[in-house]
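Here the protein sequences come in this chain order: A and B.
Anchor point for the first sequence: position 44 equals 44 in my numbering, and the numbering is continuous, going up by one each time.
Position in the second sequence (first residue = 1) + 106 = my numbering.
Only one structure is covered here, and it is reproduced in the block below.
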Amino acid sequence: MTDDDRVFKALADPTRRFLLDLLFQRDGRTLTELESTLAMTRFGVAKHLGVLAEAGLVVVRRSGREKLHFLNPVPIRLIHDRWIDKYTERHVTALVDLKNALEDES
Amino acid sequence: MTTETTAVTTQVYRVWIKAPQEKIWAAIVDPEWNKRYGYAAPSFFDLKPGGSYSSTASQAMKDFGVAAGFEVPDTIVDGEVVEIDPPRLLVQTWRMLMAPTTAAEPFSRLTYEISESKTQPGVCKLTVTHELAGAPATAAMVAGTDEEGAGGGWAWVLSDLKSMLETGSTFGE
Numbered sequence: 001m002t003d004d005d006r007v008f009k010a011l012a013d014p015t016r017r018f019l020l021d022l023l024f025q026r027d028g029r030t031l032t033e034l035e036s037t038l039a040m041t042r043f044g045v046a047k048h049l050g051v052l053a054e055a056g057l058v059v060v061r062r063s064g065r066e067k068l069h070f071l072n073p074v075p076i077r078l079i080h081d082r083w084i085d086k087y088t089e090r091h092v093t094a095l096v097d098l099k100n101a102l103e104d105e106s
Numbered sequence: 107m108t109t110e111t112t113a114v115t116t117q118v119y120r121v122w123i124k125a126p127q128e129k130i131w132a133a134i135v136d137p138e139w140n141k142r143y144g145y146a147a148p149s150f151f152d153l154k155p156g157g158s159y160s161s162t163a164s165q166a167m168k169d170f171g172v173a174a175g176f177e178v179p180d181t182i183v184d185g186e187v188v189e190i191d192p193p194r195l196l197v198q199t200w201r202m203l204m205a206p207t208t209a210a211e212p213f214s215r216l217t218y219e220i221s222e223s224k225t226q227p228g229v230c231k232l233t234v235t236h237e238l239a240g241a242p243a244t245a246a247m248v249a250g251t252d253e254e255g256a257g258g259g260w261a262w263v264l265s266d267l268k269s270m271l272e273t274g275s276t277f278g279e
């Protein structure tokens with residue numbers, strides 16, 4: 001599996017995307033904190049965090065006795081630079097704006 | 107729980123680069139290399155503990171400043187080398203001087219760690235840890251989350267660094 005494959009696979013799961021959003025809101029959380037926001041076992045959350053870490057989207061850093069989880073945006077940036085720029089970012093932005101505008105109306 | 111209320115002011119960035127440790131080290135500390143990627147402002151290190159660090163404005167930045175009606179200072183980032191173990195570890199202080207808001211904030215602490223991948227031969231792991239206690243404006247700038255601000259921050263800089271070392275060219279070239 002290539003690095004890109006791992007990132008796409010990690011992003012393909014809604015729980016893992018939710019975990020990334022949680023870390024985007026506030027970075028450097030413990031497993032216990034992340035677990036408390038999800039209706040899922042500690043083991044399940046740890047497993048999802050493992051997939052995110054393997055894809056490089058989450059970096060674990062020790063702080064005293066705690067293990068803190070940090071969102072690493074670089075792999076997403078690499079995919080952006082590799083794929084989005086290539087397929088004319090301008091058009092993509094226009095479509096995203098259109099989607100947002102249409103969905104706001106409903 | 108205390109950790110729930112403690113605001114974490116550290117940002118962590120990691121990228122895997124297919125290049126030897128020495129080359130990644132040079133790309134960070136050698137102005138001939140570090141002026142080629144990211145914001146393209148050359149950075150100068152006096153590579154010893156207590157040695158000075160500064161990054162100077164590129165001509166493009168100065169031109170941009172003139173066009174936008176403000177003056178870009180000659181030194182846009184300053185700091186000091188704290189710890190050094192080439193080609194594996196560089197710890198430095200770092201203060202962004204380009205905006206008055208960030209210049210007034212305390213020095214942040216920046217750590218570069220370069221290690222060889224255990225599973226992929228020829229690949230190195232570069233981890234950049236930026237400790238930004240008491241420096242929210244600097245934090246927003248380097249995170250690239252400030253829409254009005256200075257571009258993509260660390261994620262963009264490291265993506266460009268990887269591109270330069272692996273393909274020989276950067277986004278701007």
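Think of the CB as a built atom: it goes at the ideal place given N, C-alpha and C, for glycine as much as any other residue.
Span of the alpha helix (DSSP H) around Gly171/B: Gly171/B -> alpha helix (DSSP H) spans Gln165 to Ala174.
Interface residues of chain A facing Arg120/B [CB-CB closer than 8 Å]: For Arg120/B, the C-beta contacts it makes with chain A under 8 Å involve Gly56, Val59, Asn72 and Val74, in order along the chain.
Check whether Thr233/B and Arg120/B have beta carbons under 7 Å apart: In this structure, Arg120/B lies closer than 7 Å to Thr233/B by Cβ.
Bridge-paired residues (DSSP) for Gly281/B: Lying before the first or after the last residue shown, residue 281/B is absent from chain B, which here runs from 107 to 279.
Collapsed DSSP secondary structure at Arg42/A in the structure displayed: In the structure shown, Arg42/A sits in a helix (DSSP, three-state: H, G or I).
Any C-beta of chain B under 7 Å from that of Asp97/A: For Asp97/A, the closest Cβ of chain B is not nearer than 7 Å.
Coil, strand or helix - Phe213/B by DSSP: It is coil, neither helix nor strand.
4 or more residues per run - each alpha helix (DSSP H) lying fully within the segment 231-270 of chain B: Correct list: 242-249.
Whole-angstrom distance between Met40/A and Phe151/B, CA atom to CA atom: Straight through space, the alpha carbons of Met40/A and Phe151/B are spaced by roughly 48 Å.
Of the residues Ser149/B, Ser265/B and Ala246/B, the one placed nearest Pro137/B, counting alpha carbons only: When C-alpha distances from Pro137/B are compared across Ser149/B, Ser265/B and Ala246/B, the shortest belongs to Ser149/B.
Buried versus exposed, by CB contacts within 10 Å (16 or more), Pro175/B: Looking at the sequence provided, one finds Gly at residue 175/B rather than Pro. When all chains shown are included, Gly175/B counts as exposed.
Whole-Å CB distance - Ala55/A paired with Ala10/A, under 8 Å assumed: So it is a contact: roughly 4 Å between Cβ atoms.
Interface residues of chain A facing Leu264/B [CB-CB closer than 8 Å]: Residues of chain A passing the Cβ test: Val74 and Arg77.
Short CB-CB distance (under 7 Å) between Val114/B and chain A: Yes, contact with chain A.
Proximity of Ser265/B and Arg6/A at Cβ, strictly below 7 Å: Arg6/A is positioned such that its CB atom lies no closer than 7 Å to that of Ser265/B.
Beta carbon proximity, Arg42/A to chain B, threshold 7 Å: Arg42/A does not count as touching chain B.
Contact residues within the segment 20-45 of chain A, judged by C-beta distance below 8 Å to chain B: Result list: Arg26, Asp27, Gly28, Arg29, Thr30, Thr32 and Glu33.
Residue closest to Thr115/B, alpha-carbon to alpha-carbon, out of Gln198/B, Ser269/B, Met270/B and Ala246/B: Selected option, being the one with the closest Cα: Ala246/B.
Any 3 or more C-beta pairs closer than 8 Å across the segment 94-106 of chain A and the segment 183-196 of chain B: They do not touch, by the three-pair rule.
Beta-carbon neighbours of Gln165/B, restricted to chain A and to distances below 8 Å: Chain A residues near Gln165/B: none, gap ~25 Å exceeds 8 Å.
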